[in-house]
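As structure tokens, the structure follows; a few thoughts come after it.
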Amino acid sequence: MKRIDNKILKCPNCNAESLNFNEPEIVCTKCKNTFNLENNKYVFLRLEEGEINDFLDKIKYRLKKFSFFYNFMIKLISPVCPTLNMKKLIKKYVPDDTKIAINLGSGNSKISDKVINVDIFAYENVDIVCDIENLPFKNNSVDIIFNFAVLEHVPNPDKVVKEINRVLIKNGTVISFFPFMQPFHASPYDFSRRTVEGMKVLYKDFDTIELKPSGGPTSGLLWIFQEWVSILLSFGIKPLHYLLNIVLMLLTFPLKFLDFILIYHPMSKNISSGFLYIGRKK
């Protein structure tokens with residue numbers, strides 16, 4: 003767990019910047035709301051597994067508890083090609099521990115020991131449990147914010163981006179992946195997709211450093227193909243649909259690696275799995 007400077011935190015309920023940290027409690031001196039410090043986690047919100055309704059998502063939730071296995075399997079058999087070079091991004095934007103960096107919607111993955119993990123669920127590798135539409139960080143307190151395949155799962159991505167803008171320091175950096183050509187996938191909900199033009203609108207209050215396809219066109223096609231065949235051959239039987247989906251993933255995942263080449267095609271943005279955005283706060 004990355005050590006968190008309590009001075010950057012605020013009350014998410016009343017926005018007071020004065021919190022008392024007396025483990026196992028965090029108490030707001032203004033509104034008197036009480037939060038928790040437990041298992042080295044700052045818990046500002048609780049969401050239980052019972053609130054997850056989708057069958058496959060319940061499986062994902064349980065597998066995410068096994069961080070290494072889950073992330074390895076996602077990179078290997080999921081239909082999305084891992085074109086994102088995370089190590090390169092970390093080396094460039096979080097060169098040392100002097101930077102305050104957070105990963106919004108981290109799940110149980112740990113992209114770096116130098117990054118604070120923030121999620122709505124209290125997975126093992128999560129440092130702060132909260133609603134990313136209402137972050138418990140003070141204004142202008144964070145240097146870098148990552149969020150990968152997260153904003154489609156919140157009802158108001160514009161609100162999250164405003165929160166990102168609020169907590170970033172001047173000239174702070176946001177690094178974001180937002181899906182485009184992907185089927186519905188609840189975690190625990192799924193609300194939206196963005197084109198390359200939609201990404202520009204979403205991050206209109208930032209200076210764009212880079213905006214490019216990520217995942218690629220094969221990934222965009224493959225996931226939809228798997229879902230289409232599962233619908234066609236399951237005859238409306240839900241358990242069969244889930245089973246076919248898993249089998250098709252196992253049979254077709256090698257095709258996604260074509261995207262290591264096709265990602266560079268100038269028209270790959272038309273059916274790319276998603277887009278990577280890197281921007282700077284104005």
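Be aware that the sequence shown starts at 3, since it is given in the working numbering, and climbs by one per residue. Just so it is clear, CB atoms sit at the ideal spot from N, CA and C, and this is done for glycine as well.
Item, Value
"Backbone secondary structure at residue 200 - three-state DSSP", "helix"
"Contact belief for residue 44 with residue 129 at Cβ below 8 Å, rounded distance in angstroms", "7 Å"
"Chain-order list of residues whose beta-carbon lies under 7 Å from that of residue 1 (same chain, five-residue window excluded)", "Outside the displayed range of the chain (3 to 284) lies residue 1, so it cannot be described from this structure."
"As assigned by DSSP and simplified to three states, the class of residue 87", "coil"
"Residue 218 beta carbon less than 9 Å from that of residue 132", "no"
"Contact between the region 170–189 and the region 225–237 (3+ Cβ pairs under 8 Å)", "yes"
"Sequence-distant residues of the same chain with beta carbon closer than 7 Å to residue 96, five excluded per side", "103, 114, 116, 117, 146"
"Alpha-carbon to alpha-carbon, residue 195 and residue 213", "15 Å"
"Endpoints, alpha helix (DSSP H) assigned at residue 104", "Element bounds for residue 104: not the alpha helix (DSSP H) but the beta strand (DSSP E), 103–106."
"Cβ-Cβ separation, residue 281 to residue 176 (assumed contact under 8 Å), whole Å", "5 Å"
"Alpha carbon of residue 166 to alpha carbon of residue 123, nearest angstrom", "19 Å"
"Spatial distance of residue 77 from residue 258 (CA atoms)", "11 Å"
"For residue 109, three-class secondary structure by DSSP", "coil"
"Option nearest residue 211 by Cα separation, candidates 174, 111, 181, 223", "174"
"Other residues of its chain near residue 224: CB distance less than 7 Å, five sequence neighbours each side excluded", "81, 254, 257, 258"
"Opening and closing residue of the beta strand (DSSP E) in which residue 317 lies", "Here the chain covers residues 3 to 284 and nothing more, so residue 317 does not appear."
"Sheet register partners of residue 210 (DSSP bridge)", "281"
"For residue 249, the three-state DSSP class (helix, strand or coil)", "helix"
"Local Cβ density within 10 Å of residue 121, reported as buried at 16 or more and exposed below that", "buried"
"Cα-Cα separation, residue 198 to residue 172", "25 Å"
"Terminal residues of the alpha helix (DSSP H) in which residue 261 lies", "261–264"
"Residue 252 to residue 73 span [Cα, whole Å]", "16 Å"
"Paired residues, beta bridge with residue 36 - DSSP", "29"
"Option nearest residue 159 by Cα separation, candidates 140, 75, 203, 239", "203"
"Identity of the residue in 246, 108, 161 nearest residue 233 by Cα", "246"
"Bridge-paired residues (DSSP) for residue 45", "38, 131"
"Pick from 235, 207, 263 that is closest to residue 283, judged by C-alpha positions", "207"
"Residue 276 (DSSP reduced to helix, strand or coil)", "strand"
"Inter-residue Cα distance where the pair is residue 2 and residue 101", "Absent from the model: residue 2. The displayed extent of the chain is 3 to 284, so no value can be given."
"Rounded straight-line distance, which links the Cα of residue 125 to that of residue 87", "24 Å"
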